[in-house]
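Below is one structure, written out as structure tokens; the observations come after it.
Protein chains in written order, with the numbering used here: chain A, 291 to 689; chain B, 8 to 302.
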């Protein structure tokens, strides 16, 4: 779901993502990014995120990781990831331990659809793939993902239960949560006094200076927040209204962004004053421009990236080791400190010492979790209808 | 009795021809015909499945859906008009360059040809992105205009419009369009010019009555070489067209890369391919190249 040609951020504020930690003060989850549980009691969309069958699932088996020393493990492993994620820092724990394993990234994805289409059609036969919340149900329903034997993951206990639940369907763990973050509006405070609603993206007062993400489901999600619609049950009339509104936005503003660098460049040239953005864009821009990352009254959006093992992968055991090391400390620290993305490794989040990050954790808005919306899983009908709506809005805007 | 066809296999010239044609034929079959067949087949599949080559019950639902995508026909028409303008202008601008290289550059023609092709030493994306730097609100043109006091505010219309896409595509295609024209002009016997001059033809008359008619095949090739791929263009509008400069290719791209609907994307592609072929055939019938050539 997120096209992320990665742009190196700088030490700066971030992550309101990280503010999650401060909001979770119970010992068990004291410093972990436990956004989902906080949300579970406060937002209607969470029901779509946390499987309803969760309470009936039997406890996970005892940890039983493979004890073969890493240097004795040999083989080849292929990963279908997003462009930029082949960076060795993103799998540094595995890279350092498994010297005799050749990891390849034969093709890179640029969208959730890219990853899904590649795995579904068999045009990409990588062992491991990296989808995001919203698209997970498809892989499970269509038998594209292997069940994960979590007893083999020695780092599994570092992942908060709420994150585990995101990758669990019918009491089976199909995905290992890894990265996560927010979506909201990033804006220039010298141009726009304050943004407290997603409706700012539709505000004619900012015509010519808004940059929306080029993504149909993302646009429908924003519309649902603005109008208070149930995101999981958008009607045809609501979709028609969304199309009308987004057509107006697309007509009134020069361009959208498909990759984060486009958004950042737009801000840096001075053309863009506000845009749909992930926290990483905010962190990247902050040192150079007077920026703010909105806390809309409707709530921010939050997303989680997961790793799965392709059904029929001949390297299942090796893939498990890869996923296990993905949860490793060095990998998580790289993700957080270099790229300002959240990690599902709670220890890493707890161990952050950077004052700027700690400030971001603790003070900005302890209630942030009370009004954050997690991306629900789409149905195929929703996916097709929402993407078609966005496509027609773009055609109408260009006509 | 001599078997029919036995002569063909023993003719050394024919064997040479077949041998030379085989690699290109195989490559075209593998990388052009086969993907086209796959795309057409995919457009009739009910849905995207893991078994792309497996049996299926054909359906026209994606064509019905493609026809009902709001505004798509108008966008296809707009894309065709844009491609026509780009092809005409790029060919017209390429002609003097080719003429210069063929008849005036002399011994330096090779050097000038290399200079013409220098832009290809960098990536297509870089060349298109350079236009963003030129035309942006804080770009070179606006900076100069604002800096010299000619205008107070940057011209926002320079970037992210259909005109920007057309101008950028013309720039991109001019070197390509030059090559087929140059190839034809290079084959014209210069003694024909001398003969025309001996018959008191002015330089303009020499050009109009001799050079231009003989170079029409190159002009037609250049036009088609630009027109056909430009209809389906999507990278350039994506980079410099913005919301106002979208083309039909961008819609197709969306269905392939942002949706899980390859069959619908394939149906849209087949429609575009069909419309392009019809336009080319109709265009050739109207223009009648043979008549232009005086044959």
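Every residue, glycine too, gets a C-beta built ideally from N, C-alpha and C.
9 Å is my cut-off, CB to CB: does residue i come that close to chain B?
i: residue 575 (chain A); result: no
i: residue 401 (chain A); result: yes
i: residue 557 (chain A); result: no
i: residue 603 (chain A); result: no
i: residue 599 (chain A); result: no
i: residue 578 (chain A); result: no
i: residue 470 (chain A); result: no
Residue i CB to nearest chain A CB: under 9 Å?
i: residue 81 (chain B); result: yes
i: residue 70 (chain B); result: no
i: residue 85 (chain B); result: yes
i: residue 78 (chain B); result: yes
i: residue 273 (chain B); result: no
i: residue 239 (chain B); result: no
i: residue 2 (chain B); result: No answer is possible for residue 2 (chain B): the residues shown for chain B start at 8 and end at 302.
i: residue 51 (chain B); result: no
i: residue 269 (chain B); result: yes
How should residue i be labelled, buried or exposed, when 16 other C-beta atoms within 10 angstroms of its C-beta is the threshold for buried?
i: residue 364 (chain A); result: exposed
i: residue 136 (chain B); result: exposed
i: residue 24 (chain B); result: exposed
i: residue 688 (chain A); result: buried
i: residue 673 (chain A); result: buried
i: residue 41 (chain B); result: exposed
i: residue 393 (chain A); result: buried
i: residue 449 (chain A); result: buried
i: residue 181 (chain B); result: buried
i: residue 127 (chain B); result: exposed
i: residue 371 (chain A); result: buried
i: residue 38 (chain B); result: exposed
i: residue 50 (chain B); result: buried
i: residue 614 (chain A); result: buried
i: residue 207 (chain B); result: exposed
i: residue 630 (chain A); result: buried
i: residue 533 (chain A); result: buried
Since residue i meets chain A, which of its residues come closer than 7 Å, beta carbon to beta carbon?
i: residue 253 (chain B); result: 684, 685 and 688
i: residue 57 (chain B); result: 410, 411 and 412
i: residue 242 (chain B); result: Within chain A, no residue comes near residue 242 (chain B); the closest Cβ sits about 12 Å away, beyond 7 Å.
i: residue 159 (chain B); result: Per Cβ cutoff of 7 Å: no residues; residue 159 (chain B) is ~15 Å from chain A at best.
i: residue 264 (chain B); result: 400, 401, 403 and 404
i: residue 201 (chain B); result: Chain A residues near residue 201 (chain B): none, gap ~53 Å exceeds 7 Å.
Rounded to a whole number of angstroms, what is the C-alpha to C-alpha distance between residue i and residue j?
i: residue 588 (chain A); j: residue 521 (chain A); result: 13 Å
i: residue 186 (chain B); j: residue 102 (chain B); result: 10 Å
i: residue 465 (chain A); j: residue 612 (chain A); result: 13 Å
i: residue 291 (chain A); j: residue 403 (chain A); result: In this prediction, residue 291 (chain A) has a pLDDT of 40, which is less than 50 and means its spatial position is unreliable; what the coordinates show is noted afterwards. Computed Cα separation, rounded: 8 Å.
i: residue 249 (chain B); j: residue 168 (chain B); result: 6 Å
i: residue 653 (chain A); j: residue 583 (chain A); result: With a pLDDT of only 37 at residue 653 (chain A), under the threshold of 50, the placement of this residue in the model should not be trusted, and no figure is reported.
i: residue 502 (chain A); j: residue 565 (chain A); result: 5 Å
i: residue 60 (chain B); j: residue 43 (chain B); result: 14 Å
i: residue 64 (chain B); j: residue 572 (chain A); result: 50 Å
i: residue 438 (chain A); j: residue 684 (chain A); result: 40 Å
i: residue 506 (chain A); j: residue 642 (chain A); result: 35 Å
i: residue 462 (chain A); j: residue 386 (chain A); result: 30 Å
i: residue 113 (chain B); j: residue 99 (chain B); result: 22 Å
i: residue 710 (chain A); j: residue 633 (chain A); result: Outside the shown range of chain A, which is 291 to 689, sits residue 710 (chain A), and nothing can be said about it.
Could you tell me which chain A residues have their CB closer than 9 Å to the CB of residue i, listed as they occur along the chain?
i: residue 205 (chain B); result: Chain A residues near residue 205 (chain B): none, gap ~56 Å exceeds 9 Å.
i: residue 36 (chain B); result: The contacting residues do not exist; residue 36 (chain B) stays about 20 Å from chain A at best.
i: residue 196 (chain B); result: Chain A residues near residue 196 (chain B): none, gap ~49 Å exceeds 9 Å.
Using a Cβ cut-off of 8 Å, pull out every chain B residue sitting near residue i, in sequence order please.
i: residue 513 (chain A); result: Neighbours of residue 513 (chain A) on chain B: none; closest Cβ ~17 Å, over 8 Å.
i: residue 560 (chain A); result: 144 and 145
For a contact defined as C-beta to C-beta under 8 Å, what are the partners of residue i on chain A?
i: residue 149 (chain B); result: Those within 8 Å of residue 149 (chain B) in chain A number zero; the least Cβ separation is about 10 Å.
i: residue 167 (chain B); result: 544 and 545
i: residue 153 (chain B); result: The contacting residues do not exist; residue 153 (chain B) stays about 12 Å from chain A at best.
So which residues of chain B does residue i contact, with C-beta pairs closer than 9 Å?
i: residue 541 (chain A); result: 250 and 251
Looking at the ligand GDP, does it come within less than 8 Å of residue i, judged from the CB to the closest heavy atom?
i: residue 206 (chain B); result: Inclusion of the ligand GDP in the displayed structure is not the case, the ligand content being empty and no account of it being possible.
Next on the checklist: Could you check whether the stretch 138–157 of chain B touches the stretch 64–82 of chain B, counting it as contact only if at least three pairs of C-beta atoms, one from each stretch, sit closer than 8 Å?
Outcome noted: no
Next on the checklist: Using 8 Å as the cut-off, can you tell me whether the stretch 214–230 of chain B makes contact with the stretch 271–288 of chain B, which would need three or more C-beta pairs spanning the two stretches below that distance?
Outcome noted: no
Checklist entry - Can we say the stretch 49–59 of chain B touches the stretch 253–270 of chain B, given the rule of at least three CB pairs closer than 8 Å? => result yes
Next on the checklist: Check whether the stretch 500–513 of chain A and the stretch 662–678 of chain A are in contact - that is, three or more C-beta pairs closer than 8 Å.
Outcome noted: yes
Checklist entry - Would you call the stretch 440–455 of chain A and the stretch 354–374 of chain A in contact, with 3 or more CB pairs under 8 Å? => result Result yes; three or more Cβ-Cβ pairs closer than 8 Å.
Checklist entry - For the 8 Å Cβ check, are there 3 or more pairs between the stretch 226–235 of chain B and the stretch 84–98 of chain B? => result yes
Checklist entry - Would you call the stretch 422–441 of chain A and the stretch 614–630 of chain A touching, i.e. three or more CB-CB distances under 8 Å? => result no
Item to check | the stretch 104–121 of chain B in contact with the stretch 19–34 of chain B per 3-pair CB rule at 8 Å | outcome: no
Item to check | Given 8 Å, three or more beta-carbon pairs between the stretch 240–258 of chain B and the stretch 200–209 of chain B | outcome: Judged by Cβ distances under 8 Å, the stretch 240–258 of chain B makes no contact with the stretch 200–209 of chain B, as fewer than three pairs qualify.
Next on the checklist: I'd like to know if the stretch 478–491 of chain A and the stretch 552–569 of chain A are in contact, where contact means that at least 3 CB-CB pairs between them fall below 8 Å.
Outcome noted: yes
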